[in-house]
Amino acid sequence: MYHYTGTLEQSGAPVDIKINLADGVPLYRQIVNQIRYRVASGLLEVGEDLPPIRTLALQLKVTPNTIVKAYGELEAAGIVRKRHGAGTFVADGGPPRLADRERKRIIEERIDALLSEAHHLDFSLDELVKAIRRRQALMASKTAVDKASSEG
Amino acid sequence: MTNIVEVQGLSRQFGATIALDAVDFRATEGRVHGLVGVNGAGKTTLIKHLLGLLRPTRGSVRVFGLDPVRDPVGVLRRVGYLSEYRELPEWMRIDELLRYTQAYYPTWDMAYARELLDTFGLDGKRKVAGLSQGMRAQTGLVVAVAHRPEVLLLDEPSSGLDAVVRQDILDAIVRTVADDGRTVIFSSHLLDEVERMSDHVTMIHDGKVVLNGSVEDIRGTHSVTGLTFAQRLERLPKIDGTLTATGSGRTWSVVHKTSVEELRSAVAPLGGELAESRSATLEEIFVARVGRATQRSEAA
Numbered sequence: 584m585y586h587y588t589g590t591l592e593q594s595g596a597p598v599d600i601k602i603n604l605a606d607g608v609p610l611y612r613q614i615v616n617q618i619r620y621r622v623a624s625g626l627l628e629v630g631e632d633l634p635p636i637r638t639l640a641l642q643l644k645v646t647p648n649t650i651v652k653a654y655g656e657l658e659a660a661g662i663v664r665k666r667h668g669a670g671t672f673v674a675d676g677g678p679p680r681l682a683d684r685e686r687k688r689i690i691e692e693r694i695d696a697l698l699s700e701a702h703h704l705d706f707s708l709d710e711l712v713k714a715i716r717r718r719q720a721l722m723a724s725k726t727a728v729d730k731a732s733s734e735g
Numbered sequence: 194m195t196n197i198v199e200v201q202g203l204s205r206q207f208g209a210t211i212a213l214d215a216v217d218f219r220a221t222e223g224r225v226h227g228l229v230g231v232n233g234a235g236k237t238t239l240i241k242h243l244l245g246l247l248r249p250t251r252g253s254v255r256v257f258g259l260d261p262v263r264d265p266v267g268v269l270r271r272v273g274y275l276s277e278y279r280e281l282p283e284w285m286r287i288d289e290l291l292r293y294t295q296a297y298y299p300t301w302d303m304a305y306a307r308e309l310l311d312t313f314g315l316d317g318k319r320k321v322a323g324l325s326q327g328m329r330a331q332t333g334l335v336v337a338v339a340h341r342p343e344v345l346l347l348d349e350p351s352s353g354l355d356a357v358v359r360q361d362i363l364d365a366i367v368r369t370v371a372d373d374g375r376t377v378i379f380s381s382h383l384l385d386e387v388e389r390m391s392d393h394v395t396m397i398h399d400g401k402v403v404l405n406g407s408v409e410d411i412r413g414t415h416s417v418t419g420l421t422f423a424q425r426l427e428r429l430p431k432i433d434g435t436l437t438a439t440g441s442g443r444t445w446s447v448v449h450k451t452s453v454e455e456l457r458s459a460v461a462p463l464g465g466e467l468a469e470s471r472s473a474t475l476e477e478i479f480v481a482r483v484g485r486a487t488q489r490s491e492a493a
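If you're matching them up, the sequences are chains A and B in order.
Read left to right, the first sequence gives residues 584 to 735 (the working numbering).
Read left to right, the second sequence gives residues 194 to 493 (the working numbering).
Shown next as structure tokens:
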């Protein structure tokens, strides 16, 4: 694949991302999550370009800073890399091996947030674990469907 | 981050009417700032102060560190402005308008202006008087951005426009920020548009700032929570920290600023339990704070 530079814009892969204002998740995080799953499921392949910030901002009708923040987070997680010059692409071999301590820190931060939310909403630990398993199963089946439909 | 605009304690009276009351407002470089409020809340008055068109009754206004009333040329050269009325000289052709406007701006980029005209499919030979509302907005937009302003000020830019031209306006906002790292301040009654397009939101009501912060912070501190009561309630008693309540009988829904935990203890004595909770949308917060619904974007 060749990339034209200059007058033509680099388009990047069309990414079908849906933003939902009502679901309470910050917009940049909705973008991060959806790109993560697309990469994890192979819908976005290693080396493939993400849309330029301006293009995705326009497509989703969001402030470019939301995309900057989302791409920044994806880069910090090792899922994408910035190309020298311009553009962002899916990184090779998934997330780089972070130091164990760092991996633990990141996941523990998320767990703490989830636990405190669960506590506020009166979920027992058992219920929470069950809910996590249920979501995981749902996601796995969805990803399979997405993948099948994109290949078919 | 640099403050491009700094407004402190700004009050403005028109006769006996208080249009702005001790308003603080800040705009930082490279961000999109949304101004929301009902008609007559004071958004336009604030924007006119930034342009130096009005003199503060009290307080101070600084744009690039300059006082726009005392140094209008220094400020206006670096600002692009489009109002909902899209005032343009009726007798001119678009080409003439561009050349005329160019004379005021050392940084005018005629190639960019032509590119935008092309994108919009506007014929430079057309007279302004014969343009539709949408074409006027597009022409006004070219005039507002072709000198590559450091700050783009848009006062209800989407008002009365179809989805296509609204997208052109969003495009101008995105380009200003994404390509040049410049600053946008826009007012709108389309709250979903503001919520998506803004990094920072300022809500004005009756001339006062009632809410000011990043979109994430504002949403993070306002929740919508369902309540279920053991008994039917004719009306929901006032609960600390709640802004509004809707519902009837045993099920109610409140917009609140308190934590879910605080709400739980507040409703427990009333025999209430919490149902689902989520962060409120800007629209819900706006209605709760200002007490009046506004139009939603038809294109959303």
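Note that beta-carbon positions come from the ideal geometry of N, C-alpha and C, so glycine has one too.
Check whether A/Pro647 and B/Val367 have beta carbons under 8 Å apart: Position 64 of the first sequence, counted from the start, is the residue given in the question as residue 647 of chain A. Position 174 of the second sequence, counted from the start, is the residue given in the question as residue 367 of chain B. A contact, by the Cβ cut-off of 8 Å.
Distance, B/Ser352 Cα to B/Ala492 Cα: Here residue 492 of chain B is taken as the residue at index 299 of the second sequence, counted from 1. Here residue 352 of chain B is taken as the residue at index 159 of the second sequence, counted from 1. Residue placement at B/Ala492 is poorly supported in this model, since its pLDDT is 34, which falls under 50; the coordinates are not used for a value here.
A/Asn616 versus B/Pro249 - alpha carbon distance: Position 33 of the first sequence, counting from 1, holds the residue named residue 616 of chain A. Position 56 of the second sequence, counting from 1, holds the residue named residue 249 of chain B. Roughly 47 Å between the two C-alpha positions.
Proximal residues of chain E, C-beta to C-beta of B/Arg368 below 8 Å: Looking for chain E here will not work: the only protein chains present are A and B.
Three or more C-beta pairs below 8 Å linking the stretch 594 to 614 of chain A and the stretch 383 to 392 of chain B: yes
Nearest-angstrom beta carbon gap, B/Leu239 and B/Leu213 [assumed within contact, 8 Å]: Taking the second sequence and counting its residues from 1, the one referred to as residue 213 of chain B is at position 20. Taking the second sequence and counting its residues from 1, the one referred to as residue 239 of chain B is at position 46. With a Cβ gap of about 6 Å, B/Leu213 and B/Leu239 count as contacting.
Cβ-based neighbour list, A/Arg637, same chain, cut-off 6 Å, excluding 5 preceding and 5 following: Here residue 637 of chain A refers to the residue found at position 54 when the first sequence is read from its first residue. No residues qualify anywhere along the chain.
Coil, strand or helix - B/Asp348 by DSSP: Position 155 of the second sequence, counted from the start, is the residue given in the question as residue 348 of chain B. If DSSP states are grouped into helix, strand and coil, B/Asp348 belongs with the strands.
Check whether B/His398 and B/Ala234 have beta carbons under 8 Å apart: Counting from one through the second sequence, the residue named residue 398 of chain B turns up at place 205. Counting from one through the second sequence, the residue named residue 234 of chain B turns up at place 41. Yes.
Same chain, Cβ closer than 6 Å to B/Ser490, five either side skipped, listed in chain order: The residue labelled residue 490 of chain B in the question sits at position 297 within the second sequence. With a pLDDT of 37 at B/Ser490, under the threshold of 50, the predicted position of this residue should be treated as unreliable, and no value is reported.
Beta-carbon contacts of B/Ala438 that lie in its chain and below 6 Å, excluding the five residues immediately before and after: As a first step, residue 438 of chain B must be located in the second sequence, where it is residue number 245. Same-chain partners within the cutoff: Leu429, Trp445, Val447.
Under 8 Å from the C-beta of A/Asn648: neighbouring residues of chain B: In the first sequence, the residue the question calls residue 648 of chain A occupies position 65. Gly223, Arg224, Val225, Val370, Asp392, listed in chain order.
Exposure of A/Val622, with buried meaning 16 or more beta-carbon neighbours within 10 Å: Taking the first residue of the first sequence as 1, we reach residue 622 of chain A at position 39. Burial call: buried.
Beta-carbon proximity list for B/Leu436, same chain, < 6 Å, skipping 5 on both sides: Residue mapping note: residue 436 of chain B aligns to position 243 of the second sequence, counting from 1. Cβ within range, chain order: Val448, Ala481.
DSSP three-state assignment for B/Glu222, whether helix, strand or coil: For the purposes of this step, residue 222 of chain B is taken as residue 29 along the second sequence, with counting starting at 1. Here B/Glu222 sits in coil by DSSP.
Nearest neighbour of B/Arg425, chosen from B/Gly327, B/Leu259, B/Glu466 [CA to CA]: Mapped onto the second sequence, residue 425 of chain B falls at position 232. That would be B/Glu466, whose Cα lies nearest to the Cα of B/Arg425.
Partners in chain A for B/Thr474, counting only beta-carbon separations shorter than 9 Å: Here residue 474 of chain B refers to the residue found at position 281 when the second sequence is read from its first residue. What B/Thr474 touches in chain A: Leu604, Ala605, Gly607.
Beta-carbon neighbours of A/Lys665, restricted to chain B and to distances below 8 Å: Start at 1 with the first residue of the first sequence, and residue 665 of chain A comes out as number 82. Near A/Lys665 there are no residues of chain B at all, since even the closest Cβ is about 15 Å away, more than 8 Å.
Selection of the stretch 432 to 461 of chain B by Cβ proximity to chain A, strictly under 9 Å: Ser452, Val453, Glu454, Arg457
Extent of the continuous beta strand (DSSP E) to which B/Glu469 belongs: As a first step, residue 469 of chain B is located in the second sequence; it is residue number 276 there, counting from the start. 465 to 472 is the extent of the beta strand (DSSP E) around B/Glu469.
Bounding residues of the alpha helix (DSSP H) (the contiguous stretch that carries B/Thr376): As a working mapping, residue 376 of chain B is identified with position 183 in the second sequence. Element bounds for B/Thr376: not the alpha helix (DSSP H) but the beta strand (DSSP E), 376 to 380.
Contact belief for B/Leu203 with B/Val254 at Cβ below 8 Å, rounded distance in angstroms: Reading the second sequence from its first residue, position 10 is the one you call residue 203 of chain B. Reading the second sequence from its first residue, position 61 is the one you call residue 254 of chain B. With a Cβ gap of about 6 Å, B/Leu203 and B/Val254 count as contacting.
The stretch 323 to 338 of chain B in contact with the stretch 290 to 299 of chain B per 3-pair CB rule at 8 Å: yes
Start-to-end residues for the beta strand (DSSP E) that takes in B/Ile397: Position 204 of the second sequence holds residue 397 of chain B. Start and end: 393 to 398.
Any C-beta of chain B under 8 Å from that of A/Leu711: In the first sequence, residue 711 of chain A corresponds to position 128, counting from 1. No, because no Cβ of chain B sits closer than 8 Å to the Cβ of A/Leu711.
Straight-line gap, A/Arg684 to A/Gly655 (C-alpha atoms, nearest Å): What you label residue 684 of chain A is simply residue 101 of the first sequence in a count that begins at 1. What you label residue 655 of chain A is simply residue 72 of the first sequence in a count that begins at 1. Approximately 21 Å, taken between the alpha carbons.
Per-residue contacts from B/Glu388 into chain A (C-beta, under 7 Å): As a position in the second sequence, residue 388 of chain B is number 195, starting the count at 1. Leu604, listed in chain order.
Complete runs of the beta strand (DSSP E) confined to the stretch 245 to 278 of chain B [at least 3 residues]: 251 to 256, 272 to 275
Under 7 Å from the C-beta of B/Leu309: neighbouring residues of chain A: Your numbering for residue 309 of chain B matches position 116 in the second sequence. Those do not exist, as B/Leu309 stays about 15 Å from chain A at its closest Cβ, beyond 7 Å.
B/Leu363: contacting residues in chain A (beta-carbon distance under 8 Å): Here the question's residue 363 of chain B lines up with position 170 in the second sequence. Near B/Leu363 (Cβ distances below 8 Å), the residues of chain A are Leu641, Lys644.
Inter-residue spacing [alpha-carbon to alpha-carbon] between B/Leu247 and A/Arg612: In the second sequence, counting from the first residue as 1, residue 247 of chain B sits at position 54. In the first sequence, counting from the first residue as 1, residue 612 of chain A sits at position 29. Rounded to the nearest angstrom, the two C-alpha atoms are 41 Å apart.
B/Gly314 burial status per 10 Å Cβ neighbour count (16 or more: buried): Working through the second sequence from its first residue, we reach residue 314 of chain B at position 121. Answer is exposed; the Cβ neighbour count stays below 16.
Cβ-based burial, B/Asp242 [other Cβ within 10 Å; buried from 16]: As a position in the second sequence, residue 242 of chain B is number 49, starting the count at 1. The question names Asp, yet the displayed sequence has His at residue 242 of chain B. By the 10 Å Cβ count, B/His242 comes out buried.
Residue of B/Leu275, B/Trp301, B/Gly327, B/Leu456 minimising C-alpha distance to A/Leu704: Indexing the first sequence from 1 puts residue 704 of chain A at position 121. If we check each option's Cα against that of A/Leu704, B/Leu456 comes out closest.
Short CB-CB distance (under 8 Å) between B/Arg219 and chain A: Position 26 of the second sequence, counted from the start, is the residue given in the question as residue 219 of chain B. No, B/Arg219 lies away from the interface with chain A (no Cβ there is under 8 Å from its Cβ).
9 Å Cβ cut-off: residues of chain B touching A/Leu704: Here residue 704 of chain A refers to the residue found at position 121 when the first sequence is read from its first residue. In chain order: Val453, Leu467, Glu469, Ser470.
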